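Numbering (mature numbering (1 follows the signal peptide of the UniProt record, and there is no 0)), first residue to last: -19 to -1, 1 to 124.
So, in structure tokens, the structure goes:
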């Protein structure tokens, strides 16, 4: 659950695509603190993802927001590698249900998606998290 807040921002984006309304419960304390620190509002968060579920790179505020959340929730281990167990949990319990994917093979799909993306690298941590998210989305569509 360490990456709950980090992934909540991504969840917020998925919810926006489906409902055009973001439930306030997804804006927990850490998310709101990061939003305040980065000076980003809910509208910017709602608009950070496209209809294809991918986050467009190049918006420094989005990158800063994800970096803040990722650090606050320790989504990487001390060796700078993503925590696979945390990522698997988020894919399994957040991403797949939101994308209405998985069915009976949900565990297998979550493992494939996580394994495909857990090694994403980028020197910029915020951009790395965007790359991770986009990899997850692409892998879900692929499988």
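Where a beta carbon is used, it is the ideal one built from N, C-alpha and C, also for glycine.
Treat the numbers as computed from the prediction; the structure is a model and nothing was measured.
Query                                                                                                                                      : Result
What's the gap between the Cα of residue 93 and the Cα of residue 40?                                                                      : 29 Å
Can you have a look at residue 71 and say buried or exposed, based on whether 16 or more other CB atoms are within 10 angstroms of its CB? : buried
If you measure between the beta carbons of residue 108 and residue 52, is that distance less than 9 Å?                                     : no
Skipping 5 residues on each side, what residues in its chain have a beta carbon closer than 7 Å to that of residue 78?                     : none
What are the complete alpha helix (DSSP H) segments, minimum 4 residues, inside the stretch 26 to 61?                                      : 41 to 53
By a C-beta neighbour count over all protein chains shown, 10 Å radius and 16 as the cutoff for buried, is residue 83 buried or exposed?   : buried
Just the Cα atoms here: how many angstroms apart are residue 24 and residue 85?                                                            : 35 Å
Taking 9 Å as the threshold (C-beta atoms), are residue 22 and residue 16 in contact?                                                      : yes
Does the beta-carbon of residue 114 have 16 or more other beta-carbons within 10 angstroms, so that it is buried, or is it exposed?        : buried
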